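Which chain is which? The protein sequence lines are D and B, in order.
Per our numbering, residue 1 is the first one in the first sequence, and the count goes up by one each step.
Per our numbering, residue 1 is the first one in the second sequence, and the count goes up by one each step.
Ideal placement from N, C-alpha and C gives every residue a C-beta, glycine not left out.
All figures in this text were calculated on a predicted structure; none of them were measured in a lab.
Number of protein chains: 2
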Amino acid sequence: MVVRGAGPRGGWRGGAPRPLGIDFRLYDPAPDASGGRVAPLVVGAFDDRRALERFAADVDVVTFDWENVPADSLRALRGRAAVRPPARALAVSQDRLAEKRIFRRLGIPTAPFAAVNSLAGLRRAVARVGLPGVLKTRRLGYDGKGQAWLHRRADIGAAWGALGGRSLIYEARVPFQRELSLLSVRGADGAIVHYPLAENRHEQGILRLTSAPYRDRALQAAAESHLEALLARLRYVGVLGVEFFEAEGRLVANETAARVHNSGHWTIEGSVTSQFENHVRALSGLPLGGTAPRGHAAMVNFIGRLPAAADVLAVPGAHLHDYEKSPRPGRKVGHATLVATSARARDREARRLLELGRREAGELTQ
Amino acid sequence: MVVRGAGPRGGWRGGAPRPLGIDFRLYDPAPDASGGRVAPLVVGAFDDRRALERFAADVDVVTFDWENVPADSLRALRGRAAVRPPARALAVSQDRLAEKRIFRRLGIPTAPFAAVNSLAGLRRAVARVGLPGVLKTRRLGYDGKGQAWLHRRADIGAAWGALGGRSLIYEARVPFQRELSLLSVRGADGAIVHYPLAENRHEQGILRLTSAPYRDRALQAAAESHLEALLARLRYVGVLGVEFFEAEGRLVANETAARVHNSGHWTIEGSVTSQFENHVRALSGLPLGGTAPRGHAAMVNFIGRLPAAADVLAVPGAHLHDYEKSPRPGRKVGHATLVATSARARDREARRLLELGRREAGELTQ
Chain D
1 MVVRGAGPRG GWRGGAPRPL GIDFRLYDPA PDASGGRVAP LVVGAFDDRR ALERFAADVD
61 VVTFDWENVP ADSLRALRGR AAVRPPARAL AVSQDRLAEK RIFRRLGIPT APFAAVNSLA
121 GLRRAVARVG LPGVLKTRRL GYDGKGQAWL HRRADIGAAW GALGGRSLIY EARVPFQREL
181 SLLSVRGADG AIVHYPLAEN RHEQGILRLT SAPYRDRALQ AAAESHLEAL LARLRYVGVL
241 GVEFFEAEGR LVANETAARV HNSGHWTIEG SVTSQFENHV RALSGLPLGG TAPRGHAAMV
301 NFIGRLPAAA DVLAVPGAHL HDYEKSPRPG RKVGHATLVA TSARARDREA RRLLELGRRE
361 AGELTQ
Chain B
1 MVVRGAGPRG GWRGGAPRPL GIDFRLYDPA PDASGGRVAP LVVGAFDDRR ALERFAADVD
61 VVTFDWENVP ADSLRALRGR AAVRPPARAL AVSQDRLAEK RIFRRLGIPT APFAAVNSLA
121 GLRRAVARVG LPGVLKTRRL GYDGKGQAWL HRRADIGAAW GALGGRSLIY EARVPFQREL
181 SLLSVRGADG AIVHYPLAEN RHEQGILRLT SAPYRDRALQ AAAESHLEAL LARLRYVGVL
241 GVEFFEAEGR LVANETAARV HNSGHWTIEG SVTSQFENHV RALSGLPLGG TAPRGHAAMV
301 NFIGRLPAAA DVLAVPGAHL HDYEKSPRPG RKVGHATLVA TSARARDREA RRLLELGRRE
361 AGELTQ
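Dropping the structure here:
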């Protein structure tokens, strides 16, 4: 059922479909993909149409758990199995320009932006969009990679030198108060449920901390209406995540994730139904589960190296999710979630978890 | 790490140790044990000392997930690996007489009882303990099997005819208002946490419904003190369950479970930390997690055949746990849990789940 499911997003590796009685198998180019421990693994290249078609012939639904699966490979499977979320949603999320354009078409506010394909084009974009701004590759950027900031016109040459030759997008900087994300789920029957907004804190381009629920009735309503427009337009089935900036009291859409999302890991312990279970329910045509928060939740990513399990679990309300990856600077190797009865207690314990994570990351890079 | 972990208790099959970064392997006589899907499976007989010793040599901790693993096989592994919970606790839970005797030694109230090894012994036991009462095999009884009720002296012959020749125990009937169970967890460092009392409803000897928390401060305190005595006496590590009758406002201990327990499945979604996670934390020497309930939870066992997933998941707050077993009258094939914001809503939705289960069981036996 899953094309490439060996990643750290836990739902497949954790066997999320199994309690619902749903059998699944995985397709991955790596023969040692860790998902192979929990489900039959078919090994094949993402551009091996024949192998993919054989895989799809055996399943009812094909999905993906990695944003860089080629959308064309999924398109080729339509007719053999239901592809959920749709290949188009994946294609949009893979291309920052397509993403911004669909936001604009649906009336969802974005930062001013322009496509850039040449040095002259970058000059025009900077003139039109303004400074400061950020030049990004349209594809394959993540965790702050593939980006160059421009603060003055003199930065144009260096930015082009770093990224030029690829398809790019130039975006104005958004002076934001905070980063928020909304995860919504659309069932195969079109029913939609929304999780509460979550607040995200990034450091060096990597998500460090998510806190949820972030309570703001007006922003929640605005975010839900944006997601509903996207879900309908894309004929989406499954969990869709959108990252927003909150700038001067309104939401500015930044990017989409056509899958379960790191900023939704708090739902594992912090919500009535986890994003993983709701994703599987949606893909399988089952009724969606409740999305209400249970208390005040936080999720802390561990980057580089995992703290000792005993230290993490000594924090009240904490749960550990170890991705079983070898340590490497900048790599997400696990996360902890916690649920507390007040936002204040949640923030206090989250600081302890952040501190544990920082100590490990610091020792790793010394 | 686990001797026989292929059962429906979900923790091992669901990969409970994995998020904590703990590797595990399974030992089972059945080459097709379903646990083999999630962890390496070593196939061997429970009395194959050599195979068990080879298995134990590779692990730090050995545990069990089935009450009929021979306690002697575990005893033989001491010195090679830590056996948690201890083999003695398993031996006690396997023998209704040993269980009642340890209750009595620790001052934990039980029904009047007597050992029975002959027809004459049964006559003496009935004279001493009184009528009505129940004759039970000391070993291998579960879900109401291996039991015969005696209402008058004339029933003695039939009861002996049904069960005689094995080691037996005769117990007076306890006129109880309700059945309650307490699950407690003792860490490797001796720290103890208790879940709230749960109320259980059996039908034809099989657990149908658990509701938690059952709030009664005096009974909770009494149950906790009983469990603390047992945990200390057995030098227990892991989750221990005790089933009680509530009779005239006090607790009467009925039996123990030296493992995670069916009446604790509500903790998967209904408590801060599930019994599975806390069991793994205890076995692994990690700090224990919180046991507070999150709302009002219920667990409904599905017996015989599973209702359609779509029907179960249409019940607000419901989660499905499918054991992927073929239908058979009287067999536990899965369960649903639900969490609601009030006891009243919980009871209403639990009735819907019970009704779904009854309809399936009814069709199966027609």
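{"Asked": "Continuous alpha helix (DSSP H) assignments of at least 4 residues falling wholly in the region 214–251 of chain B", "Found": "217–233"}
{"Asked": "Collapsed DSSP secondary structure at R178 (chain D) in the structure displayed", "Found": "strand"}
{"Asked": "3-residue-minimum beta strand (DSSP E) runs that sit fully inside the region 242–329 of chain D, ordered along the chain", "Found": "250–257, 296–303, 318–322"}
{"Asked": "Length of the line joining the Cα atoms of P86 (chain D) and E203 (chain B)", "Found": "47 Å"}
{"Asked": "DSSP three-state assignment for Q147 (chain B), whether helix, strand or coil", "Found": "strand"}
{"Asked": "Straight-line gap, G304 (chain B) to S184 (chain D) (C-alpha atoms, nearest Å)", "Found": "36 Å"}
{"Asked": "Beta-carbon neighbours of L320 (chain D), restricted to chain B and to distances below 8 Å", "Found": "P19, L20, G21"}
{"Asked": "Close Cβ partners of R128 (chain D) (< 7 Å) along its chain, the five nearest in sequence each way excluded", "Found": "A114"}
{"Asked": "Counted within 10 angstroms of its Cβ, other Cβ atoms place G7 (chain B) as buried (16 or more) or exposed", "Found": "With a pLDDT of 39 at G7 (chain B), under the threshold of 50, the modelled position of this residue cannot be trusted, and the question is left open."}
{"Asked": "Given 8 Å, three or more beta-carbon pairs between the region 337–349 of chain D and the region 238–255 of chain D", "Found": "no"}
{"Asked": "For A82 (chain D) and W266 (chain B), the rounded distance between their alpha carbons", "Found": "34 Å"}
{"Asked": "Where the beta strand (DSSP E) containing A334 (chain D) begins and where it ends", "Found": "Note on residue identity: the sequence assigns Gly, not Ala, to residue 334 (chain D). Here the beta strand (DSSP E) through G334 (chain D) covers 332–340."}
{"Asked": "Inter-stretch contact (C-beta, 8 Å, three-pair minimum) for the region 180–198 of chain D and the region 223–241 of chain D", "Found": "yes"}
{"Asked": "Contacts of P350 (chain B) in chain D (Cβ-Cβ under 8 Å)", "Found": "Sequence inspection shows Ala at residue 350 (chain B); the Pro mentioned does not correspond to that position. Result: empty, since nearest Cβ-Cβ is about 16 Å, beyond 8 Å."}
{"Asked": "Interface residues of chain D facing G164 (chain B) [CB-CB closer than 8 Å]", "Found": "The premise fails here: G164 (chain B) is roughly 43 Å from chain D at the closest Cβ pair, so nothing lies under 8 Å."}
{"Asked": "C-beta neighbour in chain D for E360 (chain B), strict 8 Å", "Found": "no"}
{"Asked": "Chain D within 8 Å of R25 (chain B), Cβ atoms only", "Found": "no"}
{"Asked": "Exposed unless 16 or more other CB atoms sit within 10 angstroms - verdict on T291 (chain D)", "Found": "buried"}
{"Asked": "Residue-chain proximity (L168 (chain B), chain D), Cβ-Cβ < 8 Å", "Found": "no"}
{"Asked": "For V69 (chain B), the nearest candidate out of B:R124, B:L207, B:R259, B:S263 (CA to CA)", "Found": "B:R259"}
{"Asked": "DSSP beta-bridge partners of E171 (chain D)", "Found": "D:F113, D:V134"}
{"Asked": "Cβ of E363 (chain D) within 8 Å of any chain B Cβ", "Found": "no"}
{"Asked": "Beta-carbon proximity list for R4 (chain D), same chain, < 7 Å, skipping 5 on both sides", "Found": "The pLDDT assigned to R4 (chain D) is 45, lower than 50, so where the model puts this residue is not dependable, and the model offers no usable value."}
{"Asked": "Span separating the alpha-carbon of R9 (chain D) from that of H261 (chain D)", "Found": "Note that R9 (chain D) scores 40 on pLDDT, short of 50, meaning its location in the model is unreliable; the coordinates nonetheless yield the value given after this. Spanning the two alpha carbons is a distance of roughly 8 Å."}
{"Asked": "Under 9 Å (Cβ pairs) to chain B, residues found in the region 278–302 of chain D", "Found": "R281, S284, G285, L286, P287, L288, G289, G290, A292, R294, G295"}
{"Asked": "Under 8 Å from the C-beta of P316 (chain B): neighbouring residues of chain D", "Found": "G290"}
{"Asked": "Limits of the beta strand (DSSP E) - the one that E199 (chain D) falls within", "Found": "198–203"}
{"Asked": "CB contact check: R331 (chain B) to chain D, cutoff 8 Å", "Found": "no"}
{"Asked": "Whole-angstrom distance between G238 (chain D) and K136 (chain D), CA atom to CA atom", "Found": "28 Å"}
{"Asked": "Selected residue, minimal CA-CA separation from H321 (chain B), among B:P175, B:I156, B:A310, B:P329", "Found": "B:A310"}
{"Asked": "Collapsed DSSP secondary structure at A82 (chain D) in the structure displayed", "Found": "strand"}
{"Asked": "Between the CA atoms of N200 (chain B) and D72 (chain D) - distance to the nearest angstrom", "Found": "53 Å"}
{"Asked": "Residues near R358 (chain B) in its chain [Cβ-Cβ closer than 7 Å; skip 5 each side]", "Found": "none"}
{"Asked": "Helix, strand or coil at S73 (chain D) [DSSP, three-state]", "Found": "helix"}
{"Asked": "Residues near D58 (chain B) in its chain [Cβ-Cβ closer than 8 Å; skip 5 each side]", "Found": "R25"}
{"Asked": "Beta carbon proximity, R215 (chain D) to chain B, threshold 8 Å", "Found": "no"}
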